[in-house]
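A.B. asks: In our numbering, each residue carries its 1-based index in the sequence shown increased by 6.
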Amino acid sequence: MLRDPDYWVRQLRGTVRFGDGVRFLESRGVTEYVEMGHGVLSALTRRNQDPGSPGVVTAVARRGHDPVGAVGTALARLALNGARLDPGDSFPGGRRIPLPTYPFQRERYWLSAPDADHGAVRSHPVLDEALEPADGRGLVFTG
Numbered sequence: 007m008l009r010d011p012d013y014w015v016r017q018l019r020g021t022v023r024f025g026d027g028v029r030f031l032e033s034r035g036v037t038e039y040v041e042m043g044h045g046v047l048s049a050l051t052r053r054n055q056d057p058g059s060p061g062v063v064t065a066v067a068r069r070g071h072d073p074v075g076a077v078g079t080a081l082a083r084l085a086l087n088g089a090r091l092d093p094g095d096s097f098p099g100g101r102r103i104p105l106p107t108y109p110f111q112r113e114r115y116w117l118s119a120p121d122a123d124h125g126a127v128r129s130h131p132v133l134d135e136a137l138e139p140a141d142g143r144g145l146v147f148t149g
């Protein structure tokens with residue numbers, strides 16, 4: 007179907023019914039919209055919503071922002087606006103752990119750190135050695 011030239015002619019010359027699509031989704035009870043791109047269609051979605059619509063439009067990708075953090079921010083924004091999110095969908099393989107219900111329970115929950123190679127000496131990528139000059143004041147870095 008995508009190789010059919012008629013399909014592409016219809017896409018290029020036909021009427022895009024984006025607004026009708028947004029209104030159709032609203033009529034079906036959709037209130038959260040997530041744009042996986044840079045927000046190009048988010049403003050258009052808001053403009054095509056019914057006035058007074060409680061719908062939330064969130065763009066995930068944001069220029070100059072960390073993509074992983076942007077996904078977390080988008081999920082948080084949806085949750086703050088009442089979306090029911092299942093963390094298991096976003097973080098597969100995670101598990102629940104019991105945490106105290108108040109900050110003064112005095113239990114600690116330390117994360118296990120991976121074993122590190124403490125015996126390995128690594129050289130600095132630019133500086134080879136720090137030498138003390140003959141007058142004993144300061145250091146001279148070579149490299």
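Ideal placement from N, C-alpha and C gives every residue a C-beta, glycine not left out.
Taking 8 Å as the cut-off, does the segment 20 to 28 touch the segment 47 to 61 (at least 3 CB pairs, one atom from each stretch)?
C.D. replies: yes
A.B. asks: According to DSSP, which residues form a beta bridge with T51?
C.D. replies: DSSP lists no partner for T51.
A.B. asks: Please list the segments of the alpha helix (DSSP H) lying wholly inside the segment 34 to 105, counting only runs of 4 or more residues, in order along the chain.
C.D. replies: Taking only runs of at least 4 residues, the alpha helix (DSSP H) segments lying wholly in the segment 34 to 105 are 46 to 54, 73 to 86 and 93 to 96.
A.B. asks: Could you tell me the boundaries of the alpha helix (DSSP H) in which A137 lies?
C.D. replies: It is worth fixing the name first, because residue 137 is Leu in this sequence and not Ala. Counting along the chain, L137 falls outside any alpha helix (DSSP H), though it belongs to the beta strand (DSSP E) covering E135 to L137.
A.B. asks: Is Y108 buried or exposed, if buried means 16 or more other CB atoms sit within 10 Å of its CB?
C.D. replies: exposed
A.B. asks: Could you check whether the segment 56 to 75 touches the segment 28 to 39, counting it as contact only if at least three pairs of C-beta atoms, one from each stretch, sit closer than 8 Å?
C.D. replies: yes
A.B. asks: Just to confirm, is the Cβ distance from V40 to V66 under 8 Å?
C.D. replies: yes
A.B. asks: Tell me the DSSP bridge mates of T148?
C.D. replies: E135
A.B. asks: With respect to the alpha helix (DSSP H) encompassing W14, which residues constitute its N-terminal and C-terminal limits?
C.D. replies: P11 to R19
A.B. asks: Whole angstroms is fine: what's the gap from P60's alpha carbon to V77's?
C.D. replies: 21 Å
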